[in-house]
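FYI, in the UniProt record's numbering the residues of the sequence shown are 1 to 850.
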Amino acid sequence: MASVTIVDLLSSSPDFTLLVRVLQRTGLIPVLNMARNVTFFAPSDEVLKKLPTDVDIPILLQYLIITDPVVAANLTEEEAVYFSYLRAPAAPDVPLPLRVQHLPPSRPSRTDEAGMQLVIGSGAAKVVKHDWVADNGVIQVVDALVPLPDTLCDTIARSAYTGDRQLFSQLFIKHPMICFLLQHAQDTATLLVPVDSAFDVLTDVELSYLMLNAGHDDRLRFIGNHFLYSSVYRQNDTLGLGTNVPSMSGAMVNIRKSKRGIIFNGNVEAIESDIVLQNGAIHTLPSLLTPWSFFEFTARKYLYGLNATQFADELLFHKYASVLDDTHRVQTIFAPVDIVGADTPVSANSLEYHFTDSLIDSLDESIVLPSRLSLQSLSGRHQHIQVTVDKFGDILVNGKAKVLRAPLRIGKTAIIPIDRALDLPPPLVFAVGSILEARTSLLMFESLGLLDGEAVKGWTVFVPEDAAWENLGSVAKFIQSSPEAAKEVVCSLMFTKPIYSYDFTSANAVDYETAAGTRVSIKTDDSKASISFRMGTSESVVPLKSVDVLFDGGVIHTISSIPIPETVKITPRQLLEAEHITTFVELLETASLAKDVIADEAQYVILAPVDSVLAVANITTATVDLTTQMGLHILRRRSTQGSSFLSGRSVYDTLVSGVCMTVISNLSDDMYELRIVNHPSVASIQPVRVLSGGVTTSGSEIYIIDRVFPISAITPDESPAWWQAHGVLVGLGASGGILTMVLIGLFWFMIIYRGGRKSRHRQSSNGSDKSFVRFRRSFSGSGRSIIINANGSDEEDDDDDDVMGEDTPFLRRAASGRLGSRVNIEDFGDVDEDAEEVELPSRSNEHINV
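Structure (structure tokens):
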């Protein structure tokens, strides 16, 4: 009986007429007839008719002929790889493999006789008619042609941008030499590709390092451990008990087969096996074959991973490799990263300024710490680094470099990436100048010549803020006007040793030497919000503002009040002179009060009006009751000392007997209300503006004010007259009296007017000019006097009317031309006290009738 070949079976079916003609034209009929125990995955005519015209059908048909009989009913493996009759273009000596999968059916109605579904080429074609058996093989009818597989390198290049194998593929394609050698040798390989999630064991910095040129060697070793060169290992041709094969990097890889698939190195089971390639195979792994320690990460590798390339290169150039590669060394590195468009050079002399010999795990609060850099400007001490947290939550190093992320740990080294290289602290003049609230101190330092960097080496400077000088008031003006006092005050705040905030202690005071040659003890409170200065026997608690402002020769701390050394003596006279109070001092001397009130050891409260106020009030050395007037401005504390006058907590006695004063309210920053009391019944409220003030060494309080306290403030008011108490009755009587007086006045006016015209005419004709003043007599405690009622002159022509109330030379001399002024009769010689008119000489050597 003649045998039935594969070609015979195809020729017997009208569904394969076109296929048979194609096999004839391509010369594959003899191949199929001569073949033994093969499988032909035959496409029907319908499949061939749908193919594009540019498809190389003979090549694809030859790829569908495999060297083993595949009978679906007999398959036990879920998938297997078989060799085809086609040779791989990338490896001509190796048959091109075809992957066959025996999968559970997607729909029970469409399953084959075995209840399974058969697909080939990783799902590219599905078997639609199974197990058409011929004498020399088996026909499996498929619904599509299967494309030829890619090469290993093409597959990896495509995976670098899609799917779940991107990270390994990106590492692999950075070494094109591997693909060049593979292609040039026309050899095969097995590639073990971890999925992206397998790289979770690496930090982003470590992975970044592997992606960079700096990670070339480690990357190549890592890829080599996953690359089995010149061998193809598939799950249906591995040894069941295990095989150890060398990787490209020389490490041994154990391969064994299990019931579920293929396992590498004992515990890494492939997620997907036997991805068919022209020149090899790929197995997808859930984890790396190499442990984390394989990479031997160091600070140097981390610097490159952080993109601090320029910084790392500079360190290696200056022989810092051993420092960077020693993971057991305790250190923190502030690493400036390379930012596109930013200039981040690191000078050779500042490299060590980026290192500190302490480990910083977190940056939750502001700190200052010594760097590894020692400087001559600090007398060989280490320059410091300041880390602060600003109001926006950004962490800054030395006020400029921004921290980009939390510290990274590698061994005992921490790395803090920053956005720029650290600048060394500036000279003292620029450090003080950068403190916006310390302009006054800067000017004082400059005027005293204390900004010389050569003189200030390894020092601590406590710099008062502008508000501290303002709070001193008159004392600040005195200090600024006295170079000697200014130098003593400032030098007492300059210590000849750097003291950083971590040196502050609240337990015990520590003695330091100052630039003034004195010793000062300091300590802080528990919160380090204030610092206590003990200078000799006096102690001052000073609020701390900014701390650890670095300069090239030490450190600056700003303070909001100023301790005055005991050696600086401040007297009342010095404060008054600093405020240019001259008139008040002269008046004190005239009143014989200066010797006591403004003595060096005096303890008074002095309310000193400015010169212009005294001038307006016409207070001069000739003022009557000058002692009383000045005494109102000098106070003695009545109660125990301890608070200032302006606090309003105490009552003060003035130098005027029985008169005391106190502050009853603070209307604004510099406006106060004072109560002046003249016991037992006189009191007045006096508003006053305090323009400035200060306290002397002895405790005197000096306040410069904008007004003079009048004596009337302590003078009793007179009782109201009887007519004030009976206003209605007086009003009625006054109305009648006024009417009567008007009538009488008119009568006398006519008489006086006519008589006066004759008298003036007679005086004029005699060539004399007389002036007169009408008066009424009065007596005061000091003697006889007259009160001027009216005045006039008779210098007019007969046709002019007299004008009452004009000034005469006598009035200007005797009473300044004011009606109602009181003058002494004795001032004008012998005067008849009973006369209605008195003739007195005027300034023009004429006479005045009084």
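Think of the CB as a built atom: it goes at the ideal place given N, C-alpha and C, for glycine as much as any other residue.
(Q) Rounded to whole angstroms, what is the Cα-Cα separation between D313 and P565? (A) Near 53 Å, if we compare the C-alpha coordinates of P565 and D313.
Q: Under 8 Å by Cβ, that's how I've got L587 and T628 pegged, so tell me the actual separation to the nearest angstrom.
A: The Cβ separation is near 12 Å, so there is no contact.
Q: Taking the CB atoms as reference points, tell me whether I562 and P483 lie closer together than 7 Å.
A: Not closer than 7 Å, so no.
Q) Relative to the alpha-carbon of P543, which residue among D611, D552, I522 has its alpha-carbon at the smallest distance? A) With distances taken between Cα atoms, P543 lies closest to I522.
Q: Compute the Euclidean distance between the alpha carbons of G433 and H557, then round it to the nearest angstrom.
A: Each residue's alpha carbon lies about 13 Å from the other.
Q) So what does DSSP say about A591, is it helix, strand or coil? A) Assignment of A591 by DSSP, reduced to helix, strand and coil, places it in the coil class.
Q: Could you name the residues that DSSP lists as bridge partners for H283?
A: Per DSSP, the beta-bridge partners of H283 are L192.
(Q) In whole angstroms, give me the CA-to-CA distance for Y652 and K545. (A) Distance between the alpha carbons of Y652 and K545 is about 36 Å.
Q. Which residues mark the beginning and the end of the beta strand (DSSP E) in which S374 is found?
A. Boundaries of the beta strand (DSSP E) around S374: 367-374.
Q | Other residues of its chain near residue 926: CB distance less than 8 Å, five sequence neighbours each side excluded | A | No statement about residue 926 is possible, as the shown extent of the chain runs from 1 to 850 and does not include it.
Q.
Please state whether the Cβ-Cβ distance between V195 and P43 is less than 7 Å.
A. Cβ atoms of V195 and P43: not closer than 7 Å.
Q) Excluding sequence positions up to five away, which residues of its chain have a Cβ less than 8 Å from the Cβ of L667? A) Result list for L667: E673, P687, in chain order.
Q: Could you tell me which of D670, V656, I685, D669 sits nearest to T662, measuring between CA atoms?
A: When only C-alpha atoms are compared, the closest one is I685.
Q: Let me know the secondary structure DSSP gives E79 once reduced to three states.
A: When DSSP states are grouped into helix, strand and coil, E79 belongs to the strand group.
Q) If we ignore side chains and look at the alpha-carbon of each, how far apart do R256 and E78 end up? A) Each residue's alpha carbon lies about 17 Å from the other.
Q. So which of S692, V323, V276 has the shortest CA-CA distance to E579?
A. Ranking S692, V323, V276 by Cα distance to E579 puts S692 first.
Q: Quick one: residues in its chain with C-beta nearer than 7 Å to the C-beta of N471, no 5 flanking neighbours on either side, listed in chain order?
A: Exclusion of the five residues before and after N471 leaves S561 as the residues of its chain whose Cβ lies within less than 7 Å of its Cβ.
(Q) If you measure between the beta carbons of A189 and G305, is that distance less than 7 Å? (A) Not in contact: A189 and G305 (Cβ atoms no closer than 7 Å).
Q. For M248, which of helix, strand or coil comes out of DSSP?
A. In the structure shown, M248 sits in coil (DSSP, three-state: anything other than H, G, I, E or B).
Q.
Quick check: the stretch 266-275 against the stretch 176-185, are at least 3 beta-carbon pairs closer than 8 Å?
A. Contact between the stretch 176-185 and the stretch 266-275 is absent, because fewer than three Cβ pairs lie under 8 Å.
Q.
Closer than 8 Å is the cut-off here; do at least three beta carbon pairs connect the stretch 358-370 with the stretch 418-438?
A. In short, these stretches do not touch, since the Cβ pair count stays below three.
(Q) Using 7 Å as the threshold, is the C-beta distance between A599 and I581 below it? (A) When the beta-carbon positions are compared, A599 and I581 stay at least 7 Å from each other.
Q: Give the secondary structure of E673 by DSSP, where H, G and I count as helix, E and B as strand, and everything else as coil.
A: E673: strand per DSSP, three-state reduction.
Q. Are any of the Cβ atoms in chain C nearer than 7 Å to that of Y302?
A. Of the protein chains in this structure there is only one, and it is not chain C.
**Q.** Between the CA atoms of T697 and M630 - distance to the nearest angstrom
**A.** Distance between the alpha carbons of M630 and T697 is about 23 Å.
Q: Could you tell me the distance, in whole angstroms, from the CA atom of E454 to the CA atom of D218?
A: Taking the straight line joining both Cα atoms gives about 51 Å.
Q: Give me the Cα-Cα distance between V340 and L316, rounded to the nearest whole angstrom.
A: Rounded to whole angstroms, V340 to L316 spans 22 Å at the Cα level.
(Q) When you compare the stretch 129-145 with the stretch 4-19, are there three or more beta-carbon pairs, one atom per stretch, that lie closer than 8 Å? (A) Yes: at least three Cβ pairs fall under 8 Å.
Q. Roughly how many whole angstroms lie between the Cα atoms of V20 and H283?
A. About 38 Å.
**Q.** For P14, the nearest candidate out of V55, V585, D45 (CA to CA)
**A.** Residue D45 holds the alpha-carbon nearest to the alpha-carbon of P14 among V55, V585, D45.
Q) CB K487 to CB L451, shorter than 7 Å? A) Cβ atoms of K487 and L451: not closer than 7 Å.
Q | Opening and closing residue of the beta strand (DSSP E) in which K523 lies | A | Per DSSP, the unbroken beta strand (DSSP E) holding K523 starts and ends at 519-524.
Q: Along the beta strand (DSSP E) that carries Y229, what are the first and last residues, could you check?
A: It spans 227-229 - the beta strand (DSSP E) in which Y229 sits, taken as one unbroken run.
Q) Using a Cβ-Cβ cut-off of 6 Å (strictly less than) and excluding sequence neighbours within five positions of T309, which residues of its own chain qualify? A) So the qualifying residues of the chain are D338.
Q: Check Q386 in the structure and name its three-state DSSP category.
A: Three-state DSSP puts Q386 in a strand.
Q | Straight-line gap, N244 to I29 (C-alpha atoms, nearest Å) | A | Using only the alpha carbons, I get a separation of about 43 Å.
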